[in-house]
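Peer 1:
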Amino acid sequence: MTIDFSQAREKMVEQQIRPWDVLDLRVLEVLARLPREAFVPEAYKTLAYVDVEIPLSAGHKMMKPVVEGRMLQALDLQPGEDVLEIGTGSGFSTACLAALAREVLSLEIDPALAAAARANLDSSGLGSNVRIETADVFGWQSERRFDAICVTGAVESL
Numbered sequence: 001m002t003i004d005f006s007q008a009r010e011k012m013v014e015q016q017i018r019p020w021d022v023l024d025l026r027v028l029e030v031l032a033r034l035p036r037e038a039f040v041p042e043a044y045k046t047l048a049y050v051d052v053e054i055p056l057s058a059g060h061k062m063m064k065p066v067v068e069g070r071m072l073q074a075l076d077l078q079p080g081e082d083v084l085e086i087g088t089g090s091g092f093s094t095a096c097l098a099a100l101a102r103e104v105l106s107l108e109i110d111p112a113l114a115a116a117a118r119a120n121l122d123s124s125g126l127g128s129n130v131r132i133e134t135a136d137v138f139g140w141q142s143e144r145r146f147d148a149i150c151v152t153g154a155v156e157s158l
C-alpha cells in the first residue's frame, strides 16, 4: 500500500492541528508544505502524520504534530528573527523554525542525531539558513543574541 503523504499532510493540518486552535496561517502553511515523512525514521514513515510521538534513537522522540503546531504558533516568529533551538532531534522542528525565521542555530547533544538531522535537512532541500552544533546546552556559551529560544529537547532533572 502506497501512502499519499501530500494528502496525509493536508489531513494532519485540517483534522489535528487546526482543531487544537493553531490558527496562525504561516504556521499552518509551513506544516502543510514541509515533508515531515522525510524526517521520520524509515520504520515509522507510515506514522509521519499520525498524532503520536515517533521514536528516534537513544530514547529521543519526535513531538506529536499538534504539539509542534502549538509550539510554532506560541513563538510567533517573524521572517527577520534569529532562533536558538535546544534539541535538534530529527530536524523537522528545525526545518519549520527555519521556514518561519531568518536563521536557526540548533544545539543537539547527540552527535548521531545532529548528523542525521543535517542529512534530513540537506536531502529535503531545506535548512540553508540552519546551523547545527553538537553541544550540551549546559556547557555551551555564546555572545550571540537571539530573538527566540525554542527548547525541544528534554532534561533528566532540574
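In the UniProt record's numbering, the protein residues as written are 1 to 158. Glycine included, each C-beta is placed from N, C-alpha and C at the ideal position. Computed from a predicted model, the values in this text were never measured in an experiment.
Starting from T134, follow its DSSP beta bridges and name the residues at the other end.
Peer 2: E108
Peer 1: What residue ranges within the segment 3 to 63 form continuous alpha helix (DSSP H) runs of no fewer than 4 residues, ordered along the chain?
Peer 2: Within the segment 3 to 63, complete alpha helix (DSSP H) segments of at least 4 residues are found at 5 to 12, 25 to 33, given in chain order.
Peer 1: Could you tell me which residues DSSP puts in a beta bridge with C150?
Peer 2: As a beta-bridge residue in DSSP terms, C150 pairs with E85.
Peer 1: Excluding the five sequence neighbours on either side, which residues of its own chain have a C-beta within less than 8 Å of the C-beta of E10, listed in chain order?
Peer 2: Correct list, in chain order: A32.
Peer 1: In the structure shown, what three-state DSSP assignment does E68 receive?
Peer 2: helix
Peer 1: Does the segment 64 to 76 come within contact of the segment 125 to 140, defined as at least 3 CB pairs closer than 8 Å?
Peer 2: no
Peer 1: Nearest CA to the CA of L121: which residue from P55, V22, V40?
Peer 2: V40
Peer 1: Are there any heavy atoms of the ligand COA lying less than 7 Å away from the beta-carbon of R102, as far as the coordinates show?
Peer 2: No copy of the ligand COA appears in this structure; indeed no ligand is present at all.
Peer 1: May I ask you to list the residues that DSSP assigns as paired with E143?
Peer 2: None; E143 has no bridge partner.
Peer 1: Considering only the alpha carbon of each residue, which of D76, V22, Y49, N129 lies closest to P35?
Peer 2: Y49
Peer 1: Are the segment 71 to 86 and the segment 144 to 154 touching, with three or more C-beta to C-beta distances below 8 Å?
Peer 2: Yes, the segment 71 to 86 is in contact with the segment 144 to 154.
Peer 1: Assign G139 to one of two classes, buried (16 or more other C-beta atoms within 10 Å of its C-beta) or exposed (fewer than that).
Peer 2: exposed
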